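Colleague: Submitted below is the structure of interest, expressed as structure tokens.
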Amino acid sequence: MLNGINLNMFGKRDPKQYGTITLDEINARLGTLAQELGAEMEYFQTNSEGEMCERIHQGYQDGVDAVLINAGAWTHYSYGIRDALAILTCPIIELHMSNIHAREAFRHVSVFAEIAKGQICGFGVDSYLLALRAAVSSVSAAKAA
Numbered sequence: 000m001l002n003g004i005n006l007n008m009f010g011k012r013d014p015k016q017y018g019t020i021t022l023d024e025i026n027a028r029l030g031t032l033a034q035e036l037g038a039e040m041e042y043f044q045t046n047s048e049g050e051m052c053e054r055i056h057q058g059y060q061d062g063v064d065a066v067l068i069n070a071g072a073w074t075h076y077s078y079g080i081r082d083a084l085a086i087l088t089c090p091i092i093e094l095h096m097s098n099i100h101a102r103e104a105f106r107h108v109s110v111f112a113e114i115a116k117g118q119i120c121g122f123g124v125d126s127y128l129l130a131l132r133a134a135v136s137s138v139s140a141a142k143a144a
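Below you can see the structure in the form of structure tokens.
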């Protein structure tokens, strides 16, 4: 689970858009669901674009089964993170707490969309949980094929 720029401020940042849940609380809910689904989770958050790329590279080296990413504002302009994600051979699930398509025009574009398996947005913390379910389903389907 990769969380990008400013997402460490969940719970404090714009409660109308993001609610009052913190990133630690989101990670705890993901951990509970992962355990129920028999999945193993790792969590990473950074406000540094270079650190995010390095963590994606590490995921490639480690052979992760899937990547969930809420890159925050980087979604709309970071070709560096997009190129790092494109190295991966596993499913990438893009997610957002808010409905990016119902917000400012610049948020309607995702530079990750072409390489992501799918995008889930607008469901608050449930976007994270739905993304985890989608990732587990994608990995299971690939292993069964």
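Here numbering that gives the first Met the number 0 is used: the first residue of the sequence shown is 0, the next is one more, and so on. The beta-carbon is built from N, C-alpha and C at its ideal position, and this holds for glycine as well. Keep in mind the model is a prediction, meaning the values are calculated, not measured.
1) For the beta strand (DSSP E) holding leucine 87, just list the boundary residues, first then last.
2) Does the Cβ-Cβ distance between phenylalanine 9 and leucine 22 come in under 8 angstroms?
3) Since asparagine 120 sits in a beta bridge, which residues does DSSP pair it with?
4) Pairs of beta-carbons, one from the region 58–70 and one from the region 80–92, closer than 8 angstroms: are there three or more?
5) Counting Cβ pairs, one atom from each stretch, are 3 or more of them under 8 angstroms apart for the region 113–133 and the region 88–97?
6) Take the Cβ of phenylalanine 105 as the centre, count every other Cβ of all protein chains shown within 10 Å, and call the residue buried at 16 or more, exposed below.
Modeller: Once the coordinates are examined:
1) Start at 1 with the first residue of the sequence shown, and residue 87 comes out as number 88. Bounds of any beta strand (DSSP E) do not take in leucine 87, whose DSSP letter is neither H nor E.
2) Locating residue 9 in the sequence shown gives position 10, counting from the first residue. Locating residue 22 in the sequence shown gives position 23, counting from the first residue. For phenylalanine 9 and leucine 22, yes; Cβs fall inside 8 angstroms.
3) As a first step, residue 120 must be located in the sequence shown, where it is residue number 121. Looking at the sequence itself, residue 120 is cysteine, so the reference to asparagine does not match. Beta-bridge pairing links cysteine 120 to His95.
4) Result yes; three or more Cβ-Cβ pairs closer than 8 angstroms.
5) Because the criterion of three Cβ pairs below 8 angstroms is met, the region 113–133 and the region 88–97 touch.
6) Here residue 105 refers to the residue found at position 106 of the sequence shown. So phenylalanine 105 counts as exposed.
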